[in-house]
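Report on one structure; see the data block that follows.
There are 2 protein chains.
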Amino acid sequence: MLSFEDKLNNYAELAVKIGANVQPGQTLVVSAAIDAAELVRLIVKKAYEAGANFVKVNYTDEVVTRLRYDLAPEESFLVPPTAQAREWTELAEQNAAFLTVISSNPDLLKGVSPERIASNQRIFGQAMAKYRQYQQSDKMSWTGIAFPSPDWAAKVFPEAPKEEQVAKLWDAIFHAVRADQEDPIGAWHKHIDTLQAKSDELNSKKYQKLHFAAPGTDLTIELPVGHIWAQAGSVNEQGTTFVANIPTEEVFTAPLKNGVTGYVSSTKPLSYGGNIIDRFKLTFENGRIVNFTAEEGQDTLARLIGMDEGSHYLGEVALVPFHSPISQSNILFLTTLFDENASCHLAIGSSYAFNLEGGKTMSEEELAAHGMNASITHVDFMFGSPEMNITGITHDGKEESIFVNGNWA
Amino acid sequence: MLSFEDKLNNYAELAVKIGANVQPGQTLVVSAAIDAAELVRLIVKKAYEAGANFVKVNYTDEVVTRLRYDLAPEESFLVPPTAQAREWTELAEQNAAFLTVISSNPDLLKGVSPERIASNQRIFGQAMAKYRQYQQSDKMSWTGIAFPSPDWAAKVFPEAPKEEQVAKLWDAIFHAVRADQEDPIGAWHKHIDTLQAKSDELNSKKYQKLHFAAPGTDLTIELPVGHIWAQAGSVNEQGTTFVANIPTEEVFTAPLKNGVTGYVSSTKPLSYGGNIIDRFKLTFENGRIVNFTAEEGQDTLARLIGMDEGSHYLGEVALVPFHSPISQSNILFLTTLFDENASCHLAIGSSYAFNLEGGKTMSEEELAAHGMNASITHVDFMFGSPEMNITGITHDGKEESIFVNGNWA
């Protein structure tokens, strides 16, 4: 049985060696809340030991963020993050790796004017467009891991005694990311191989369409010619492997922008921009969201979909079996990094260039011509369930079962 | 008797209203260690309440800094902070205010290769030259305050029980900055008026030279024609007042670059770049340091003086009476922000353009032609004592006593 320190050490090692896969001479950019300092310091140490030339840590503070939303004048939310956009774009061009430690409080922005949040997200998305484009074509290595803040832990384990909540969330995270295993690096190599085998199988099928059927969902998604099923284990422009999410259980590809028809219902709450959107349903015609309702967070959902034209379309379709380990834990993490890996999910917004043959080197216009969606946003939401049946339809009209009752057929 | 919270609140208020003097619509840049988050959050709140448009917090982490010095490759210390230099220069041009919360551990870099430290300081100084030039001509508002980290408190109060050290340093800081008074803002206005009256008096004298005599010190400093005695209460390009240091007890001007002759001995340790330099003596000929010895930190002193050509010359001469409140506390703070305000001091390196008539709008060449020193560094060191006698020499050769036995004559 590993101690907490052993597991934390494993976790930092996974972040540096599997997630960002830091190479000698490289710059690593770490973004994290100040509460995560203990983990950040371990990551910094391991990154230098892996040969990093410089580790730049951008510490954030949720209290400072909230103070701005509560007290700053309206004009504050119209100022683009020019300096960050320029710096991150340049660092990406210089082959830096980017590691984000997520520890967001799902209720951080509860009660804040949704206009302010949307305004800030739009300004941020627009300013960071170039960086996002680099990220979505895997130009450089990028990865996300999680850190259990007390506020987040309290939302996930509201029934647990206050002093045990963070420890419980740590246990859940360590288990989900395999940091509680004796050889976590080896376990991850094996895991990525398994996901890759599943992607290879789907790629060999070259389906024209997928059909999703479950209570509240009847959705047909056409796939672009030349679509590629991928898993989070990627290869950057330099040929270095990395894993974009830790944990990850998904295989995913891009929908044909105008080829989505029907309706889909969410099966888990979506934590978006410091607010919760729950029990929502989207209806599509020719790929476009033409109707949407949410029992909770309707305004927030409206602002997400209204971000730009591309946020009216999908950019990702991901398959996760219901018996995946994170799903089996039965924990609702209220953070997409985990919940998306417990459930089939779709993303509103931009698609990944690497989900199309030759896409990594295509211009925005070429990607669009191939039916790939572009947007300043990319937000996953969960629609998987044990009742989910997925059918693949080939170009010659043959139907094959992919998922039966939430799991691989 | 004010509570700790009252005093902390006063301190944040002083930082925002007296130090940076944040104006409506302005951006405030706060730089602080993550340990100072409680104080930083109060500052952010008060800045927004004062009308700030955006408060950008740059959190630093001493452990991360030290990890870099211990583990990064040599090349790491040759990478200039280009992004920060560009961002800060632009923000200064946009009239942002800059507030630094100092909480450095005097031993942070103990044992680190002095070459690495010097290399990093040189690269940083060179990259930040434009920003420094703006700062030294009071283009924008800038201020520094302190936060008692446990490591710092342990150095200041080594005899106190561990659990009382930080509280003792808080008390000393609150007292030195007048945050323990009922009306700290009023007290500061009065204090700045007193310092200004002293500056006005010295300005009316237009001394040609100052002569400093004390055990280990026999130094003559010629002053430039048109020199201005200033105090930390300044006015930026927009006409807004601010106070560059909290606390401050000094009145200061610029020496004539080539007009310094004799020798000077330090009277307090100098904490520089995470190392201590102590019991040192500098000898000057025609303004240039031609000899130096330190009983502790000789290498560090050599690297400070060897930073560039300008770091062989002085850029500031400051008068602080021995019976000033910080000096009377008899606490050796081991941080220049406090110790310089308990003692007459000199600065190695660049001079302030505002210490010369018309200097704020002069080019670098014009400033040099007037005998003002330029350098990528500016480091104060303390040489005041109760034995210090200072004589002013007028252009017609008259000698007047300025300090007798460490205090104003």
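Protein chains in written order, with numbering that gives the first Met the number 0: chain B, 0 to 408; chain S, 0 to 408.
No residue lacks a Cβ here, since even glycine has one placed at the ideal position from N, Cα and C.
This structure is a prediction, so every number in the text was calculated from the model and none was measured.
- Relative to the Cα of B:H190, the nearest Cα in the group B:A31, B:I245, B:L336 belongs to B:I245.
- For B:A159, the nearest beta carbon of chain S is not closer than 7 angstroms to its own beta carbon.
- Under the three-state reduction of DSSP, S:R302 is assigned to helix.
- In this model, B:K205 and B:A196 are separated by some 15 angstroms (Cα to Cα).
- Any Cβ of chain B closer than 7 angstroms to the Cβ of S:L218 would place that residue at the interface, and such an atom is absent.
- Counting only runs of 3+ residues, the beta strand (DSSP E) found wholly inside the stretch 102 to 189 of chain S occupies 141 to 145, in chain order.
- A distance below 6 angstroms between beta-carbons, with the five flanking residues on each side excluded, links S:F173 to the following residues of its chain, in chain order: K6, D179.
- Around B:S148, the same chain offers A32, D34, S102, N104 as residues with beta carbons nearer than 7 angstroms, after the five sequence neighbours per side are excluded.
- Proximity of chain S to B:E74 at the Cβ level (cut-off 7 angstroms) is accounted for by N52, in chain order.
- Bounds of the beta strand (DSSP E) holding S:V29 are 26 to 32.
- Taking a Cβ-Cβ cut-off of 9 angstroms, the neighbours of B:A71 in chain S comprise Y47, A51, N52, F53, V54, given in sequence order.
- Assigned with DSSP and collapsed to three states, B:W407 falls in strand.
- Rounded to whole angstroms, S:M0 and S:D170 show a C-alpha spacing of 13 angstroms.
- Residue-level contact check: S:V15 does not touch chain B, since none of the beta carbons of chain B fall below 7 angstroms from its beta carbon.
- Take S:N285, set aside five residues on each side of it, and the residues of its chain with a beta-carbon closer than 6 angstroms to its own are N257, in chain order.
- Boundaries of the beta strand (DSSP E) harbouring B:E294: 287 to 295, taken from the DSSP string.
- For B:K55, the enclosing beta strand (DSSP E) begins and ends at 53 to 59.
- The Cβ of B:A186 sits no closer than 7 angstroms to any Cβ of chain S.
- Cβ neighbours of S:K45 within its own chain (closer than 7 angstroms, five residues either side excluded): A11, E12, V15.
- Taking a 10 Å sphere around the C-beta of B:Q25, we find 16 or more other C-beta atoms and assign the residue as buried.
- Using a Cβ-Cβ distance cut-off of 8 angstroms, the stretch 122 to 134 of chain S and the stretch 53 to 67 of chain S are not in contact, since fewer than three pairs of beta carbons, one from each stretch, lie closer than that value.
- The three-state reading of DSSP puts B:A35 in helix, counting H, G and I together.
- Contact between the stretch 135 to 152 of chain S and the stretch 287 to 306 of chain S is absent: fewer than 3 CB-CB pairs across the two stretches fall below 8 angstroms.
- Residues of the same chain with a CB within less than 8 angstroms of the CB of S:T193, apart from the 5 flanking positions on each side, do not exist.
- Of the residues B:Y351, B:E236, B:S270, the one whose Cα lies closest to the Cα of B:A95 is B:E236.
- Neighbourhood of S:L98 in chain B, by CB distance below 7 angstroms: empty, with the nearest CB roughly 13 angstroms away.
- Within the stretch 321 to 380 of chain B, the complete beta strand (DSSP E) segments at least 3 residues long are 344 to 348, listed from N- to C-terminus.
- From the beta-carbon of S:E86, the residues of chain B found nearer than 7 angstroms are A82.
- Burial is judged here by how many other beta carbons sit within 10 angstroms of a residue's own beta carbon; S:L77 has fewer than 16 and is exposed.
- For B:D277, the enclosing beta strand (DSSP E) stretches over residues 274 to 284.
- At a cut-off of 7 angstroms between beta-carbon atoms, S:R302 makes no contact with chain B.
- Where S:D5 is concerned, the enclosing alpha helix (DSSP H) starts and stops at 3 to 13.
- Of the other Cβ atoms in all chains shown, 16 or more fall within 10 Å of the Cβ of B:T334; this residue is therefore buried.
- In its chain, beyond the 5 residues on either side, no residue has a beta carbon closer than 6 angstroms to the beta carbon of B:Q93.
- Between S:H210 and S:I392 a beta carbon distance of about 7 angstroms is seen, short of the 8 angstroms cut, so the two are scored as contacting.
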